[in-house]
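Visitor:
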DNA sequence: ATTTTGTATGTAGCAATGCTACATAGGACT
DNA sequence: AGTCCTATGTAGCATTGCTACATACAAAAT
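Residue numbers (this note's numbering), protein chains in the order written: chain A, 1 to 105; chain B, 1 to 105.
#1: In the stretch 71 to 104 of chain B, which residues sit with their C-beta less than 7 Å from some C-beta in chain A, listed in chain order?
#2: If contact means a Cβ-Cβ distance below 9 Å, which residues of the stretch 25 to 55 of chain A contact chain B?
#3: Answer yes if the stretch 91 to 103 of chain A comes into contact with the stretch 46 to 61 of chain A, meaning at least three C-beta pairs across the two stretches below 8 Å, and no otherwise.
#4: Any chance you could list the alpha helix (DSSP H) runs of at least 4 consecutive residues sitting entirely within the stretch 41 to 102 of chain A, in chain order?
#5: Check this for me: beta carbons of residue 37 of chain A and residue 71 of chain A, under 8 Å apart or not?
#6: Compare the C-beta of residue 13 of chain B against all C-beta atoms of chain A and say whether one is closer than 8 Å.
#7: For residue 20 of chain A and chain B, any beta-carbon pair shorter than 8 Å?
#8: Please check if any C-beta of chain B sits within less than 8 Å of the C-beta of residue 16 of chain A.
#9: DSSP three-state call for residue 22 of chain B: helix, strand or coil?
#10: Hey, would you say residue 32 of chain B sits closer than 8 Å to residue 13 of chain B, going by beta carbons?
#11: Would you say residue 69 of chain B and residue 57 of chain B are within 8 Å of each other, going by their C-beta atoms?
#12: Indicate the three-state DSSP secondary structure (helix, strand or coil) for residue 15 of chain A in the structure shown.
#13: What number of angstroms, rounded off, separates the C-alpha of residue 73 of chain B from the C-alpha of residue 43 of chain A?
#14: Does DSSP put residue 104 of chain A in a helix, in a strand, or in coil?
#15: Closest by CA to residue 104 of chain A, which one among B:8, B:3, B:21, B:6?
Written out as structure tokens, the structure reads:
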């Protein structure tokens, strides 16, 4: 097991999205704007790396939500650590944008 | 010619870095932390797409900087437009991070 | 003299990634 | 039966990112 995997922007974004409380595929697609063919394989890879853990929604009848079951994800401890390390890298874009703006003002 | 190319995070970051005033490969590597094997091919692709334009540093003797010549890049009009469009996509990560922080406070 | 250090650009080759298009399925409504 | 909405998922392919290496010029060190 690789104990310090490098995350692509997409992987980092998906992790952060889950961390922000959007905890199943369809919702992640919605928030990120990424297509299913990007999100679901990414989720599968993140789980293989043990950065997230999934669990199928239980007792749907009880909730009576009248829709297909969701697969919920949450970050593992390792997932949180790895995300924290990716933070610097993937906020750089925004930092450059902000710096450029304030310079022009 | 594709007149609305989709940029990878790396491509967008390189564009933004140039836009911020870091205008040659070595400097871009420095600012982004990306290796030469990522930056130079990215620059070549961006130029092929006509999002940036390069020019070799001239009259080095005149400047007397005592180092190898630099290849300077600047954004084309199309490059600026394309970067502007990529902005929303690649500031999403930071936005989610900020939102999560303020929620916890 | 030769090696090292620092700046600078670049490529080969391969594994990983991202995306389009499509497939599947349950429940509601028509 | 057909359509709509929610939901998960894959096949297959082009693109991308990165490690490792190569090249070059000038100064400084050994």
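We put the beta carbon where it would ideally sit given N, CA and C, even for glycine.
Guide: The relevant details are as follows:
#1: Residues passing the 7 Å Cβ filter: 87, 90, 91, 92, 93, 94, 96, 97, 99, 100.
#2: Cβ contacts with chain B: 31, 32, 33.
#3: No: fewer than three Cβ pairs fall under 8 Å.
#4: Within the stretch 41 to 102 of chain A, the complete alpha helix (DSSP H) runs of at least 4 residues are 60 to 63, 77 to 90.
#5: By the CB criterion at 8 Å, residue 37 of chain A and residue 71 of chain A fall outside the cutoff.
#6: Judged by the 8 Å Cβ criterion, residue 13 of chain B is in contact with chain A.
#7: Residue 20 of chain A counts as touching chain B.
#8: For residue 16 of chain A, the nearest beta carbon of chain B is closer than 8 Å to its own beta carbon.
#9: Correct three-state label for residue 22 of chain B: coil.
#10: Yes, the pair counts as a contact, with Cβ atoms nearer than the cut-off.
#11: When the beta-carbon positions are compared, residue 69 of chain B and residue 57 of chain B come within less than 8 Å of each other.
#12: For residue 15 of chain A, the three-state secondary structure derived from DSSP is helix.
#13: For residue 73 of chain B and residue 43 of chain A, the distance between alpha carbons rounds to 37 Å.
#14: Helix at residue 104 of chain A.
#15: Per the Cα distances, B:21.
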